[in-house]
Every structure is written in C-alpha cells, then in structure tokens.
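Student:
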Ligand SMILES: Cc1ncc(C[n+]2csc(CCOP(=O)(O)OP(=O)(O)O)c2C)c(N)n1
Ligand SMILES: [Mg+2]
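In this note's numbering, the protein residues as written are 1 to 807.
(1) Using three-state DSSP, classify residue 699 as helix, strand or coil.
(2) With a Cβ-Cβ cutoff of 8 Å, do residue 70 and residue 139 count as a contact?
(3) What would DSSP say about residue 492, mapped onto helix, strand or coil?
(4) Where do the N-terminal and C-terminal ends of the alpha helix (DSSP H) with residue 375 fall, by residue?
(5) For residue 483 and residue 525, what's the separation of their Cα atoms in angstroms?
(6) DSSP state of residue 275, grouped into three classes?
(7) So, are the CB atoms of residue 217 and residue 276 less than 8 Å apart?
(8) Output the distance between the C-alpha atoms of residue 786 and residue 457, rounded to the nearest integer angstrom.
(9) For the beta strand (DSSP E) that contains residue 808, what are its first and last residues?
(10) Which residues neighbour ligand 2 when neighbourhood means a C-beta less than 6 Å away from any of its non-hydrogen atoms? List them by chain order.
(11) Thinking C-beta only, is residue 58 closer than 8 Å to residue 842?
(12) Quick one: is residue 112 buried, meaning 16 or more other Cβ sit within 10 Å of its Cβ, or exposed?
(13) Could you tell me the alpha carbon to alpha carbon distance between residue 505 and residue 361, rounded to whole angstroms?
(14) If you draw a straight line from the alpha carbon of residue 353 to that of residue 195, how long is it in whole angstroms?
(15) Along the chain, where does the beta strand (DSSP E) containing residue 193 start, and where does it finish?
(16) Just to confirm, is the Cβ distance from residue 748 to residue 349 under 8 Å?
(17) Can the beta-carbon of residue 676 be found closer than 8 Å to that of residue 702?
(18) Between the C-alpha atoms of residue 334 and residue 327, what's the straight-line distance to the nearest angstrom?
(19) Between residue 726 and residue 673, is the Cβ-Cβ spacing less than 8 Å?
(20) Residue 464 and residue 624: beta carbons closer than 8 Å?
(21) What is the DSSP secondary structure of residue 630, reduced to helix, strand or coil?
(22) Is DSSP giving residue 4 helix, strand or coil here?
(23) For ligand 4, any of its heavy atoms closer than 7 Å to the Cβ of residue 300?
(24) On the criterion of 16 or more Cβ atoms from any shown chain inside 10 Å, does residue 356 qualify as buried, or is it exposed?
(25) If you compare alpha carbons, which of 114, 129, 470 is closest to residue 122?
(26) Candidates 791, 778, 762: which alpha carbon is nearest residue 687's?
(27) Whose C-beta lies closer than 7 Å to the C-beta of residue 544 among residues of the same chain, with five residues either side of it excluded?
(28) Going by DSSP, name the residue or residues bridged to residue 226.
(29) Helix or strand or just coil, what does DSSP make of residue 93?
(30) Would residue 110 and residue 189 be called neighbours here (beta carbons separated by less than 8 Å)?
(31) Can you tell me whether residue 229 is buried or exposed? The criterion is at least 16 other CB atoms within 10 Å of its CB, across all chains shown.
(32) Between residue 297 and the rest of its own chain, which residues show a CB-CB distance below 7 Å, the 5 nearest in sequence each way excluded?
(33) Tell me whether residue 303, by its Cβ, gets closer than 7 Å to a heavy atom of ligand 1.
(34) Quick one: is residue 9 buried, meaning 16 or more other Cβ sit within 10 Å of its Cβ, or exposed?
(35) Can you tell me the Cα-Cα spacing of residue 23 and residue 336, whole angstroms?
(36) Name the one or two DSSP bridge partners that residue 674 has.
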C-alpha cells in the first residue's frame with residue numbers, strides 16, 4: 001500500500017524545484033489520477049456484478065482534486081461530497097483499499113475507518129478520536145469531516161469549520177488548545193456539485209462566510225448536470241460564479257475572492273489553487289473556485305446510464321475534455337513524460353488497483369467465511385436426519401460469498417425449525433447466536449453517542465445548594481448566573497445566535513455577558529438557523545464548546561435538516577470517529593400564536609436520535625442540565641420554558657456547578673390514585689390541577705421526566721404505576737406525537753402495561769397549531785380544566801358512585 005508520506009511530497013514548493021523534480025511530481029500526480037480512475041471503473045463493475053449495492057465515483061473530477069490536494073495542509077479540514085476520491089487518495093485521507101472496503105460495506109473499522117461500513121461508498125471521514133472518545137492531535141493530520149449524502153448538506157458544517165480558525169486566531173485564551181489549531185491558520189475546504197449549489201443551504205452558508213470573513217474555500221465541480229438535469233434548470237445564467245459576482249470583495253468591503261478555472265487544465269488549476277488558498281489562509285478571506293468543463297465519463301452513479309440524458313455532442317465533448325486525457329496530452333507536449341512512460345503508469349495502475357480490490361474483497365469475506373463455516377457445522381450437527389435442517393445447512397454451505405445476513409438468517413431459521421426437538425447441539429447453536437448478538441450490535445448498531453470518557457453519564461451528580469441568604473431571582477437571572485460561571489471556568493465556551501450578543505438574547509439569559517467576555521465569545525448572528533447549527537457543528541468538531549441558540553423552538557424547523565442529517569448522525573456514521581459536542585439552546589412550549597407556541601416534540605424525537613433532548617420545567621433545572629452538558633462531550637438540545645423567564649426561583653449558591661443528570665425523572669408531587677407524567681411548561685398546570693383534584697379526594701402523583709432522550713432510566717414511571725395502576729400523560733404536542741413516545745416507553749420498555757387497571761390516557765394539544773391569544777391557547781393546548789376533567793373521568797370509570805359523571 002502506498003503511504004500518505006509519499007503523497008505529501010507532491011505539495012509544490014516552487015522555490016527549490018528542478019525540472020526533474022517537477023516532472024517527477026507531475027508524473028506521480030498522473031499516477032494518482034489514473035489509479036483513481038481505475039478505482040472508479042472497477043468499482044462500477046463490482047456493483048454491476050452484484051458484489052456491492054450501489055456505487056458513485058469521482059471519475060472526470062480527478063485533475064482539479066490533485067490541485068486542491070497540493071494546497072491542503074495538515075490541520076486543514078474538508079467538508080465535501082461523494083466525488084472527492086482523488087483528493088482523498090492524494091492527501092492520504094483515504095486509500096484505494098479503504099475505498100473498496102467501503103464499497104463492500106465492510107463493518108470492520110480498521111478496514112474501513114471512515115464509516116465502518118455504515119455509509120455508501122465515497123463518503124469520506126478521518127478519525128478525530130481515540131477509542132476512548134478523547135481527541136487526537138488534529139493539527140498533525142489532514143482532516144475530513146464526515147460526509148453526508150444530502151446534496152449541499154456539507155455547507156452548514158463548513159461555515160463552522162472555517163469559523164473555528166477565526167476564533168483560534170483572535171482569542172488568545174485558546175492558545176493552550178494545541179491539538180486543534182496553530183494560530184488559526186487552518187483552511188476549511190468545501191466541495192460541492194454545480195447542481196447542489198441550487199440548495200438554500202448553499203446560499204445561506206455562502207453569505208454567512210462572507211459576513212464572518214473566515215478561511216473557507218469552496219470548490220464547485222461543475223459538470224453541467226445534476227444527475228439528468230442540465231444547468232439551465234439549476235442555475236441562473238447557468239453559471240454559479242457569474243451570479244455570485246456581487247460577493248467579490250472590493251476596496252474597503254468584506255466579501256470573497258472568486259476564481260474560475262477549467263477542470264482539465266492541470267497547470268492553470270495548480271496556479272489557481274495556490275493563489276486562492278494563499279489569500280484564504282493568510283487573510284481569512286473566503287474564496288470560491290468555480291471549476292468548469294468537468295466531465296462524468298461513467299455517468300452519475302451505478303443507477304443508470306448518462307446516455308439517456310446526454311446528447312451525442314455532449315458525450316463526444318466529454319470524451320475529448322476528459323481531464324486525464326487532457327493532462328496526458330499536456331504532459332507529452334511539455335516533454336514531462338513520453339507516451340510510453342505514461343502507458344507504463346496506466347498499466348501499473350490497472351494492475352495495482354485490481355490487486356488492492358481483491359485484497360479488500362477477501363478481507364471483507366474472511367470473517368464472514370469463518371462464521372459461515374461455524375454455522376454450517378452447527379446446523380449439520382443438530383440436523384440428525386431432519387431434512388429441513390439438513391437443507392438449511394446445505395443451502396448455506398453452497399452459498400458462494402455469503403453475507404452475514406445469510407449466515408445469521410440460516411442460524412435463526414434452524415433454531416425456529418427445531419423448536420420442538422431440543423438437543424445439546426441445538427443449545428450450542430443458540431449459545432453461539434446469543435454470544436454473537438452483542439458482536440453484531442457492536443458492528444451495526446453501536447455508537448449513536450460517543451460513549452467515551454467524557455460521556456454525560458460520567459459527570460458526577462452534584463446537588464444544588466441553598467443557604468439562608470439564597471435570593472429569589474427571575475428565572476432568566478438564574479440562567480445568566482449559570483452561563484457566567486461556566487464562561488469564566490471554560491475558555492472553550494462560545495455562544496451565538498440571533499439577538500444573543502448585544503442584548504443577551506430575547507429573554508436576557510446572556511444579558512451583560514458579551515460586555516464581560518467579549519464579542520468573540522458571545523456573538524450575534526444573521527437570521528440563518530441552518531448555518532447557526534452548522535457553525536456550531538464545525539466549531540465543536542474542532543475542539544470548541546459552542547452553544548448555538550435557536551431563538552424559538554418553532555424556528556428549529558429551519559435547522560432540522562442540519563440537526564438530523566449531520567449532528568444527530570455524526571457519531572453513528574463514523575462509529576465514534578468524530579464528535580460534535582454542540583449544545584442547542586432554544587425555548588418553547590407556552591406562548592401564543594401559530595409560530596410562537598409550538599411544541600413539535602414528536603418531530604424532534606423522530607428526527608434527533610443521537611442528541612440528548614432536555615425539557616427542563618424551570619430555569620434551575622435547565623442550569624443543572626447545562627452544567628452537566630458543558631462538562632461532557634455529547635450533543636444536546638435544551639428547550640427552556642418560554643413562559644418561565646420571569647417566574648421567581650431560588651438561586652443555588654453553586655449555580656455554575658450543580659448538575660442535573662440526564663435520564664433522571666423526578667417525582668414532584670406524591671399521590672396514590674393516578675400517575676401523571678409530563679415535562680416542561682405543562683407541569684405547572686398539572687400542579688395547579690392537583691390542588692383542585694385534591695378537593696375531590698383525588699390524589700395524583702406527578703412525574704417530571706426532565707429529559708425525553710434518554711427517558712426515565714430508573715423507571716420511576718413504572719414504579720409509580722405499581723401504586724396507582726392508572727396513567728395519564730399530559731403533553732403539548734399534537735395527539736400521538738410525543739405522548740405516543742412516552743406511552744411506548746412506559747408501557748412497553750418499562751412494562752407498565754401489566755400494572756394498569758384502566759386504559760392509559762393521553763392529554764395532548766389539538767392537531768392544529770394553537771391560535772393567537774389566551775383564548776387560542778386555552779382551546780388548543782391542555783388547560784388546567786382539561787387536566788382536572790380527564791383525571792376525574794378516569795376516577796369516574798373506576799368508581800362512578802364516588803365520582804359521578806361531571807357532564
Ligand atoms: C437533498 C438531496 N436531494 C436530492 C438528492 C439526490 N441526488 C443525489 S446526487 C444529485 C445530483 C447532484 O448534482 P451535482 O451537485 O451537480 O453533483 P454531481 O453529482 O454532478 O457531481 C441528486 C439530485 C440528494 N442526495 N440529496
Ligand atoms: Mg453536477
């Protein structure tokens with residue numbers, strides 16, 4: 001295997017270059033390009049012959065990526081997409097063997113370090129973390145943030161990766177973080193296809209980086225198509241650099257440097273990248289490099305042929321302008337190499353790639369082969385004349401290149417078929433399968449969270465302390481004191497969002513803190529929720545501790561794609577190779593109007609597995625959760641109660657240190673008749689209802705679950721049901737939203753079903769969003785009256801004599 005070392009020598013240092021050195025570098029670049037092309041050609045064959053499910057390749061985009069690789073230094077970052085294999089090979093970010101391991105979905109993280117077989121091919125990622133979840137030294141390696149498949153989805157994160165350099169450069173208090181930056185000199189390289197620049201997040205990110213003035217270098221690989229759809233449907237004037245011209249910086253303005261270069265012109269590409277990245281790195285000016293006249297020799301992916309949608313002329317043009325063909329012609333014309341020499345390079349590349357591909361395939365199959373042989377043997381042993389079992393064993397034995405699915409499925413089928421004939425041999429197979437379950441779960445289901453040494457579950461629980469002098473303050477002041485203490489404690493913390501800086505957020509949680517800690521740490525942003533989250537992801541991936549504020553929970557929808565696709569999947573899709581300990585702060589539940597009172601918890605629960613979801617009932621609980629989260633390394637969303645900032649709470653003397661553990665529910669009122677489970681703002685209503693219910697002799701036990709993900713790990717809800725046998729879930733989401741999730745947790749996971757003596761009840765909001773005004777709220781969200789009446793009706797059902805019907 002060629003090492004990254006050999007590749008790094010291709011960086012240009014023109015000052016000391018002889019013509020022979022230069023020739024050697026160019027020829028080696030050519031080698032990388034043709035090897036990459038061979039990988040694309042062979043990769044496609046592997047899919048078409050059924051050895052892999054789907055393939056998408058970087059053919060036609062090799063040469064510009066060589067140029068980009070030359071200026072990509074250790075400590076730099078990439079946020080790109082599925083066309084970047086040549087860049088990955090040229091920088092050592094990936095190897096051809098790893099490329100094939102990923103194509104085959106090899107789940108062994110050593111063979112496929114980017115995603116451990118979890119992502120489709122050509123989804124690149126480097127490993128930022130040690131096995132215990134701690135950071136490696138990221139200044140010593142070339143970094144690729146983990147790709148995602150959504151077109152343009154990399155752009156939001158790219159803003160944050162670039163913004164980190166700005167913080168490291170401008171905030172001297174961060175100098176001690178030697179593993180992440182050398183004076184903020186790192187460039188964040190983005191790549192994107194021409195068609196994907198049509199996505200909103202591209203324009204949002206583009207503008208944000210222009211405002212922020214960060215070292216972000218975007219390359220657009222422009223092959224004039226997005227699958228079958230040509231540029232005329234994609235881009236105004238069919239020319240992205242033309243329409244972005246207004247972003248060009250001018251004397252005395254901020255903005256971009258914009259470059260345009262043809263994708264087959266190797267010397268022009270090298271020169272352009274050198275120039276562009278110099279200004280980007282040294283002056284922190286974002287740059288756009290529009291790489292035009294790029295081709296796609298095999299079409300978009302293995303899903304179909306491009307001959308369906310490209311005309312004859314275009315196909316002929318693409319053949320002629322294939323960047324490798326052009327590079328070859330130029331090398332011969334410029335006496336860099338002879339035709340024969342290049343023929344030799346091409347021949348060697350073919351052979352080499354074929355060898356590496358075979359190795360990757362064999363390694364992928366090796367462990368499965370062992371499992372296959374074991375299962376065939378065990379089923380044969382237990383068959384003992386049973387034809388059904390013999391058939392299963394024979395079928396598995398004859399399956400050529402069996403996948404794990406076939407092996408395990410055969411084992412499970414054999415266990416089912418022999419259910420009525422227990423034997424020693426059957427027990428052996430069952431034992432084998434049970435022992436393997438953990439191994440398979442580790443391979444395919446593990447690391448939704450990093451679960452490392454900084455897991456929030458390892459943060460010690462410290463109770464809030466009060467004394468006689470403890471003051472009663474507005475809820476917002478409790479939070480403010482918590483943030484203040486944490487910002488003083490940890491220089492890595494930064495907070496940003498709309499109206500967060502100068503005025504300290506719309507509810508004053510950060511009031512006065514910008515003046516104290518500086519604009520570099522507590523910062524206003526434009527109205528751009530997707531890239532506020534992306535900004536946080538990129539910063540968190542580079543060792544900082546961002547708090548990204550989404551002004552109201554209702555606006556989370558604008559950021560949900562970035563949260564769901566990127567942040568929530570990051571640990572899982574890299575098998576804990578990368579992490580982004582980002583805290584999203586928002587506020588929601590009770591206020592008024594269709595866009596200011598939402599509680600879309602079902603959406604959040606459905607789309608954000610991979611985040612902790614905290615729903616504190618007041619600001620003290622919120623502060624305790626922040627204290628836990630700031631001391632650990634997993635991402636979380638904290639939803640504060642919109643109507644709680646002005647309610648009085650007692651200030652703990654250890655407001656910056658006490659912790660509220662995640663997943664710990666709390667009984668906030670004991671009772672005997674009904675267990676009422678809720679969270680957030682509705683708890684105050686439930687407490688109010690409890691008082692009136694007491695007058696009827698109905699005693700409810702109120703449980704605050706505190707976090708929805710994870711959910712009540714000690715199973716307080718089920719314990720409570722042992723006493724009450726009645727369950728009411730009160731929730732502000734739509735019917736069947738979060739309340740359905742809560743029921744599933746209590747009835748199924750906690751086995752609460754067996755403890756009920758009447759049907760479990762939910763009380764949710766209406767299916768529409770709440771109308772404006774207090775009356776709108778009353779008729780759309782669960783009210784105190786609703787809670788009392790539902791609880792009363794449950795008692796009426798149990799004992800109609802004692803609790804006669806109200807209506
Ligand atoms: C959000 C989203 N929409 C649609 C797709 C399906 N899709 C995958 S690639 C692609 C075309 C992208 O074209 P372009 O950005 O020009 O990149 P190219 O493949 O041409 O290099 C589309 C529509 C997707 N992956 N994600
Ligand atoms: Mg394209």
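For each residue, glycine too, the CB sits at the ideal point set by N, CA and C.
Tutor: So, to answer that:
(1) Within the chain shown, numbered from 1, the residue matching residue 699 stands at position 699. Three-state result, residue 699: coil.
(2) On the chain shown, residue 70 is found 70 positions in, with the first residue counted as 1. On the chain shown, residue 139 is found 139 positions in, with the first residue counted as 1. No, the Cβ-Cβ distance between residue 70 and residue 139 is not below 8 Å.
(3) The residue labelled residue 492 in the question sits at position 492 within the chain shown. Correct three-state label for residue 492: coil.
(4) As a first step, residue 375 must be located in the chain shown, where it is residue number 375. Where residue 375 is concerned, the enclosing alpha helix (DSSP H) stretches over 339 to 383.
(5) Here residue 483 is taken as the residue at index 483 of the chain shown, counted from 1. Here residue 525 is taken as the residue at index 525 of the chain shown, counted from 1. Straight-line Cα distance between these residues: approximately 19 Å.
(6) Here residue 275 refers to the residue found at position 275 when the chain shown is read from its first residue. DSSP, reduced to helix, strand and coil, places residue 275 within a helical segment of the structure shown.
(7) On the chain shown, residue 217 is found 217 positions in, with the first residue counted as 1. On the chain shown, residue 276 is found 276 positions in, with the first residue counted as 1. Pairing residue 217 with residue 276 gives a Cβ-Cβ distance under 8 Å.
(8) Start at 1 with the first residue of the chain shown, and residue 786 comes out as number 786. Start at 1 with the first residue of the chain shown, and residue 457 comes out as number 457. The straight-line gap from Cα to Cα measures roughly 37 Å.
(9) Residue numbering for the chain in the displayed model covers 1 to 807; residue 808 lies beyond these limits and cannot be assessed.
(10) Near ligand 2, residues with a Cβ at less than 6 Å from any of the ligand's heavy atoms are 193, 194, 195, 223, 225, 226; the list follows chain order.
(11) Within the shown structure, residues of the chain are numbered from 1 to 807, placing residue 842 beyond reach of any answer.
(12) Counting from one through the chain shown, the residue named residue 112 turns up at place 112. With 16 or more other Cβ atoms from the protein chains shown falling within 10 Å of its own Cβ, residue 112 counts as buried.
(13) Along the chain shown, read from residue 1 onward, the residue named residue 505 stands at position 505. Along the chain shown, read from residue 1 onward, the residue named residue 361 stands at position 361. The alpha-carbon atoms of residue 505 and residue 361 are separated by roughly 55 Å.
(14) In the chain shown, the residue the question calls residue 353 occupies position 353. In the chain shown, the residue the question calls residue 195 occupies position 195. Here the alpha carbons of residue 195 and residue 353 stand approximately 31 Å from one another.
(15) Taking the chain shown and counting its residues from 1, one reaches residue 193 at position 193. Where residue 193 is concerned, the enclosing beta strand (DSSP E) stretches over 188 to 193.
(16) Within the chain shown, residue 748 is the residue found at index 748, counting from 1. Within the chain shown, residue 349 is the residue found at index 349, counting from 1. No, Cβ-Cβ distance for residue 748 and residue 349 is not below 8 Å.
(17) One-based indexing of the chain shown puts residue 676 at position 676. One-based indexing of the chain shown puts residue 702 at position 702. Against a cut-off of 8 Å, the Cβ pair of residue 702 and residue 676 comes out as a contact.
(18) In the chain shown, counting from the first residue as 1, residue 334 sits at position 334. In the chain shown, counting from the first residue as 1, residue 327 sits at position 327. Using only the alpha carbons, I get a separation of about 10 Å.
(19) What you label residue 726 is simply residue 726 of the chain shown in a count that begins at 1. What you label residue 673 is simply residue 673 of the chain shown in a count that begins at 1. Yes, these two residues count as a Cβ contact at 8 Å.
(20) Within the chain shown, residue 464 is the residue found at index 464, counting from 1. Within the chain shown, residue 624 is the residue found at index 624, counting from 1. Residue 624 is positioned such that its CB atom lies closer than 8 Å to that of residue 464.
(21) Start at 1 with the first residue of the chain shown, and residue 630 comes out as number 630. Here residue 630 carries a helix assignment [DSSP, helix/strand/coil].
(22) As a first step, residue 4 is located in the chain shown; it is residue number 4 there, counting from the start. A caution first: residue 4 carries a pLDDT of 42, below 50, which makes its placement in the model unreliable, though a value can still be read off. In the three-state DSSP reduction, residue 4 falls in the helix class (H, G or I).
(23) For the structure depicted, ligand 4 is absent and the ligand set comprises only ligand 1 and ligand 2.
(24) Numbered from 1 along the chain shown, position 356 holds the residue referred to as residue 356. It counts as buried.
(25) Numbered from its first residue, the chain shown carries residue 122 at position 122. Among 114, 129, 470, the Cα nearest to that of residue 122 is on 114.
(26) In the chain shown, the residue the question calls residue 687 occupies position 687. Considering only alpha carbons, the answer is 791.
(27) Position 544 of the chain shown holds residue 544. Same-chain partners within the cutoff: 164, 167, 492, 494.
(28) Taking the chain shown and counting its residues from 1, one reaches residue 226 at position 226. By DSSP's assignment, residue 226 forms a beta bridge with 229.
(29) Position 93 of the chain shown, counted from the first residue, corresponds to residue 93. Residue 93: coil per DSSP, three-state reduction.
(30) Locating residue 110 in the chain shown gives position 110, counting from the first residue. Locating residue 189 in the chain shown gives position 189, counting from the first residue. The answer is no: Cβ separation not under 8 Å.
(31) On the chain shown, residue 229 is found 229 positions in, with the first residue counted as 1. Under this definition residue 229 is an exposed residue.
(32) Taking the chain shown and counting its residues from 1, one reaches residue 297 at position 297. Cβ neighbours of residue 297 within its own chain (closer than 7 Å, five residues either side excluded): 59, 60, 318, 322.
(33) Against the chain shown, residue 303 aligns to sequence position 303. False, no ligand heavy atom lies under 7 Å from that Cβ.
(34) On the chain shown, position 9 is the one that residue 9 refers to. Any reading at residue 9 must be qualified, since the residue scores a pLDDT of 48, below 50, and its modelled position is unreliable; the value itself is stated next. Exposed, since its Cβ has fewer than 16 Cβ neighbours within 10 Å.
(35) Residue 23 sits at position 23 when you count from the first residue of the chain shown. Residue 336 sits at position 336 when you count from the first residue of the chain shown. Taking the straight line from one Cα to the other gives about 5 Å.
(36) Along the chain shown, one-based indexing puts residue 674 at 674. Answer by DSSP bridge pairing, in chain order: 700.
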